[in-house]
Structure formats: structure tokens, C-alpha cells
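Let me begin by presenting the structure, written as C-alpha cells, before commenting on it.
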Amino acid sequence: MLLVFWIALRYQTAMSNNSIEDLASKLAEAVPEGLRAMREELEGSFRSVLKSGLGKLDLVTREEFEVQEAVLARTREKLEALEKRLAEFEQS
Numbered sequence: 011m012l013l014v015f016w017i018a019l020r021y022q023t024a025m026s027n028n029s030i031e032d033l034a035s036k037l038a039e040a041v042p043e044g045l046r047a048m049r050e051e052l053e054g055s056f057r058s059v060l061k062s063g064l065g066k067l068d069l070v071t072r073e074e075f076e077v078q079e080a081v082l083a084r085t086r087e088k089l090e091a092l093e094k095r096l097a098e099f100e101q102s
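Residue numbers for the sequence shown follow the working numbering, so the first one is 11 and each next one is one higher.
Shown next, in the form of C-alpha cells:
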């Protein structure tokens, strides 16, 4: 479950406090019945770990990612055009 979370997080915009709260609640709900008495304490711990861990990650916003994706697409188009011109030049 954690691996899926980290993979999904890679392309997410900055997580809001509500998102962290929701995730901490879901993690606390997944705790086995025998530990339910500690649910609030665990939820607080989950919240702290998530905020700390996410704060250390070098994440970009969706907008920044899309801008870089567009720049890469334009660069790729220019490279392909140059490769085509070079091939034509070499055939001459």
C-alpha cells in the first residue's frame, strides 16, 4: 500500500492539510481492532510522519510538471526536425 501511495504522490500537486488529514484518518481506520483504543494517538502520529516525510520530498506542482512537459515536447519536435535536415544534408 505504501509503494502505491508514493508512486501516486509523485505526480500529485502539493498536498493540502485536508488531504493529509484524510490520509491519516484512513490509515488509522486500517488499524486492527485490538489497537482501536489507540486510534487517536496513531492518527496523530500518522499525521506527523506524513507531514514530515512529505515536507522532505522534492515535489513539483502539476502546473510546473505540465510546463516542463510542454518544453520537452517542443524540444523533441525541434530535434526531430534537425535530424531530418541533417539526413537530407548528408544525402546531398
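Even for Gly, the Cβ is constructed at its ideal location relative to N, Cα and C.
Enclosing alpha helix (DSSP H) for residue i [first to last residue]
| i | result |
| --- | --- |
| Val77 | 72-101 |
Same chain, Cβ closer than 6 angstroms to residue i, neighbours up to 5 away in sequence not counted
| i | result |
| --- | --- |
| Val70 | none |
| Glu93 | none |
| Arg49 | Ala38 |
Under the three-state DSSP convention, the category residue i falls into
| i | result |
| --- | --- |
| Val59 | helix |
| Leu37 | helix |
| Asp32 | helix |
| Leu69 | coil |
Rounded distance between the beta-carbons of residue j and residue i, thought under 8 angstroms
| i | j | result |
| --- | --- | --- |
| Ala34 | Arg57 | 4 angstroms |
| Leu104 | Ile30 | Beyond the ends of the chain as shown, which are 11 and 102, falls residue 104; an answer cannot be given. |
Same chain, Cβ closer than 8 angstroms to residue i, neighbours up to 5 away in sequence not counted
| i | result |
| --- | --- |
| Leu52 | Leu37, Ala38, Val41, Leu45 |
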